[in-house]
Structures are given as structure tokens and as C-alpha cells.
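Enquirer:
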């Protein structure tokens, strides 16, 4: 199911993703500190919403790159090989991932 | 807007919240590692969905405690003082927080 | 589980809710018409997002009124009767409803 | 931005989509009836969650077909014309639509 050898869509933006994830990691630690210090629950919830938003941005980026690279790459490959199944597989992976994010 | 001196609803479960946040922090680091190692984007997205779910559980817990402690506390206080405004304020804070989470 | 005889929090705004729901009903019919006329899928999706938003607004309104009326009402009642269980029940109903909406 | 003349991805499933939308329309009317009859707010909210879920299913279906037909179609076309811009446009439309649904 996973292929770890090829270059993925996000490889070019790798550093940007790692920076965003470090920031999110810091936000999670910030929430732990707020709870440690008995901060007001509504203020903690506001921070949780900020993390949700940051994670959504990461998801959208990864999905866009999955579609732009994996799906389109499979489409180009299937043009050469005449095999449409690899396209279907990549499309269904995308739609399953979107479905998990919407839940 | 915040009151940091009183004991909040979540104080009793503080350790449980801190444990859950440490686990979420580890999950965020795990995603960074996956990107570092060029893992497949769909597998990264599956992990992002798992964090979303864990954060939702934290949010629901904090909201339940806001309602059970802050809103109900304000209701009891307003019964004594005859001032309904503090209840309204807490209810609106809850509904604004829910609205931010739904977005 | 349901009590249909008492006046609920939303009773005062009943007409406003019914108007909003009639508008949402019209939006759903509008999407059916778009599909009937083979409109572009992305334009259909934009309309689905608009309905999601309108339904979220209805949900937030109903939740706010549940908290302001049912939870606070139970808090006041429990002050008189000394029975905290009815409060817990209403709080848990609220948090279960929020949880279903977040999913 | 829209193209209404070509056959879209969902055309084959048109009847299935129309059936699902008629059911959703009925669910919206059902909620209006519940409010009309002063049903318990939590029971109304449960029905709103059911509509959210049904709309999510419609969205996922439309997105999957956008990716499988519009994106893949553009990829095939760009192979012939050597113009990658149409692919980019379709991918960005998909990611913007997903972003609107996640909000």
C-alpha cells in the first residue's frame, strides 16, 4: 500500500511541512502548559481550534499533492500502459483520505 | 475574559489531559518523522486524521466540563444573586467555542 | 429520553428556525436541479458547502438553547430538589450531541 | 469557470444522486416538522447530524468523480497538448473544494 522509495509530491516542500509540524507540536505543548497552569477552559479550547485549523492546512496541502502527483502520475502511466486500474486505486485512496478527514 | 485563579472543571482530570496531550505531541512528531523519511502521503494523512480525532476527544471533554462547571456554577450563583447575566455570558462562551470547533 | 410536552428553548425562535430550514430545503432542491442539468461538479460542491454552513448555524443555535434552557433549567431545579443527577444527564446529552456534530 | 455542456463524472450516477438528495430534502422537512411540534432539541440535533452525514457522503462522491474524471481527463489531455496548466487548474479546484468542506 505504501511506497517509500519514490519521490512524493510533498518532497519539494518538505522543509515547509516540517516547519509547520514543529509549530503545531509547540502549540500542543502550549495547551498542555495552559492545563498545567489551570487556564480557563474556553481559552484552552480556542487554542485547540487553532491546532485543528493548522492541521487542516497540512491535510489540504498533502491531499493537493497526492492528487497533483500520485493521481496525475498514475493517469500518465496508464496512458502508456493502457492499464486504468492504477488510476482508480489512487483516486480511491484520495477519496478515502478525504472521507476520513471529514469525519 | 479568562480567570486563572479558580479551580476549573478539568482540574480533577488534569493528569489524564496532560497524558493525552503528550500522546498527541508524540503523534505530531511521528508525522514529521514520516515526512522526513518520505513516507507515502496517504499514510501521512491517515495519521493526521488520527490526531484530529484525538483533539476532538480533548475538545469534547473540555466543553463538557465547561458546561458542567462554569455554566452550571453560574446558574447556581445567579439563583443566589438574582443576576442572570453571568449565565448568559458562560452559555455564549460555550456556543462560540463549539462554533469555532465546527468550522 | 425525549420530552415533548414542555416548552423548549427554541420555542421563541420557532418561526426563525422554520424559515431557515425552508431555505435549506430550497438549497437541497437547488443542488438536485444542478445535477439534473449536469452542472459542473465543483459548482455543485460549493452549494453543498453552503448547506453545511447553514446546518451548522442551526446546530449551534439549538445547542446554545439546550444549554441555556435545559441545562440551566436542570441546574435551577437541582438547587431546589438537591438532586444533581438531572444536571449531569442534560450536560451529557449536550456533550454527546456536540460529539455527533464534530464527527 | 463552469462548463455545462460536457458530460460530467457524476452523469452515470445521476439518478442515484437525485434519490439521495430527495431523501435529504425529506430529512430537512422532517426537522422542520420536529420543531413545529416542539420536539426535544437534542432529538432535533440528532437528525441534523444525520443530514450532515448524508451530505458528506454526497460530497465525497462528487469529489471522487471530479478527481476521476475532470483531473484525470485534464491529465490525459495535457499529455496530448503538452500543456500542464489545465491539470493544475483542476487540481486546485479540487483542493479548494475540499478546503471548503473541511471548514
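Residue numbers (my numbering), protein chains in the order written: chain A, 66 to 168; chain B, 66 to 168; chain C, 66 to 168; chain D, 66 to 168. Using N, Cα and C, we set each Cβ at its ideal position, and we do this for glycine too.
Drop a sphere of 10 angstroms on the beta-carbon of residue 90/D, count the other beta-carbons inside from all chains shown, and report buried for 16 or more, exposed for fewer.
Expert: Buried, by the Cβ-count rule.
Enquirer: Would you say residue 93/C reaches chain D, if we count a Cβ-Cβ gap shorter than 7 Å as a contact?
Expert: By this cut-off, residue 93/C is an interface position.
Enquirer: Identify the continuous alpha helix (DSSP H) that holds residue 102/B and give its terminal residues.
Expert: Here residue 102/B belongs to no alpha helix (DSSP H), and DSSP marks it neither H nor E.
Enquirer: Quick check on residue 121/A - is its C-beta less than 7 Å from some C-beta in chain D?
Expert: Answer yes: the Cβ-Cβ gap between residue 121/A and chain D drops below 7 Å somewhere.
Enquirer: Consider the Cβ of residue 160/D: report whether some Cβ of chain C lies at a distance smaller than 7 Å.
Expert: No - not a single Cβ of chain C is within 7 Å of the one on residue 160/D.
Enquirer: Tell me, please, whether the CB atom of residue 167/B is closer than 7 Å to any CB atom in chain C?
Expert: By this cut-off, residue 167/B is an interface position.
Enquirer: Would you call the region 134-152 of chain C and the region 94-108 of chain B touching, i.e. three or more CB-CB distances under 8 Å?
Expert: The region 134-152 of chain C vs the region 94-108 of chain B: no contact.
Enquirer: What is the rounded straight-line gap between the Cα of residue 150/C and the Cα of residue 96/B?
Expert: Cα-Cα distance, rounded: 42 Å.
Enquirer: Pull up the distance between the alpha-carbon of residue 93/A and that of residue 121/A, whole angstroms please.
Expert: Going by the C-alpha atoms only, they are around 15 Å apart.
Enquirer: To be precise: take each residue of the region 138-150 of chain B, compare its Cβ to all Cβ atoms of chain C, and keep it if any distance is under 8 Å. Which residues remain?
Expert: The region 138-150 of chain B vs chain C, Cβ under 8 Å: 140, 141, 144.
Enquirer: Quick one: what's got a C-beta closer than 6 Å to residue 155/D's C-beta in the same chain, skipping five residues either side?
Expert: Taken in chain order, the residues that qualify are 135, 136, 139.
Enquirer: Just to check my reading of the structure: residue 127/A and residue 75/A have Cβ atoms closer than 8 Å, yes? What is that Cβ distance to the nearest angstrom?
Expert: That pair is a contact at about 6 Å.
Enquirer: Determine, for residue 132/B, whether the minimum Cβ-Cβ distance to residues of chain C falls below 7 Å.
Expert: Chain C, which has a Cβ nearer than 7 Å to the Cβ of residue 132/B, makes this yes.
Enquirer: Specify, as a first and last residue, the run of the alpha helix (DSSP H) that residue 76/B falls within.
Expert: That residue, residue 76/B, is in no alpha helix (DSSP H); it is neither H nor E in DSSP.
Enquirer: Between residue 111/B and residue 119/D, what straight-line distance do the alpha-carbon atoms span, to the nearest angstrom?
Expert: Using only the alpha carbons, I get a separation of about 22 Å.
Enquirer: Taking just the CA atoms, how far does residue 166/B sit from residue 158/D?
Expert: The alpha-carbon atoms of residue 158/D and residue 166/B are separated by roughly 25 Å.
Enquirer: Using a threshold of 7 Å, state whether the C-beta atoms of residue 85/A and residue 123/A are closer than that.
Expert: It is a contact, given that the beta carbons lie within the stated cut-off.
Enquirer: Name the two residues that bound the continuous alpha helix (DSSP H) containing residue 163/C.
Expert: Note, residue 163/C: alpha helix (DSSP H), 150-167.
Enquirer: Alpha carbon to alpha carbon, how far is residue 78/D from residue 107/B? Give it in angstroms, no decimals.
Expert: Their backbone Cα atoms lie some 27 Å apart in a straight line.
Enquirer: By the criterion of Cβ-Cβ separation under 9 Å, what are the contact partners of residue 114/C in chain B?
Expert: Correct list: empty, because the minimum Cβ distance to chain B is about 12 Å.
Enquirer: Just to confirm, are residue 163/A and residue 163/D a CB contact at a threshold of 7 Å?
Expert: A contact, by the Cβ cut-off of 7 Å.
Enquirer: Closer than 7 Å, CB to CB, is residue 129/A near chain D or not?
Expert: Residue 129/A counts as touching chain D.
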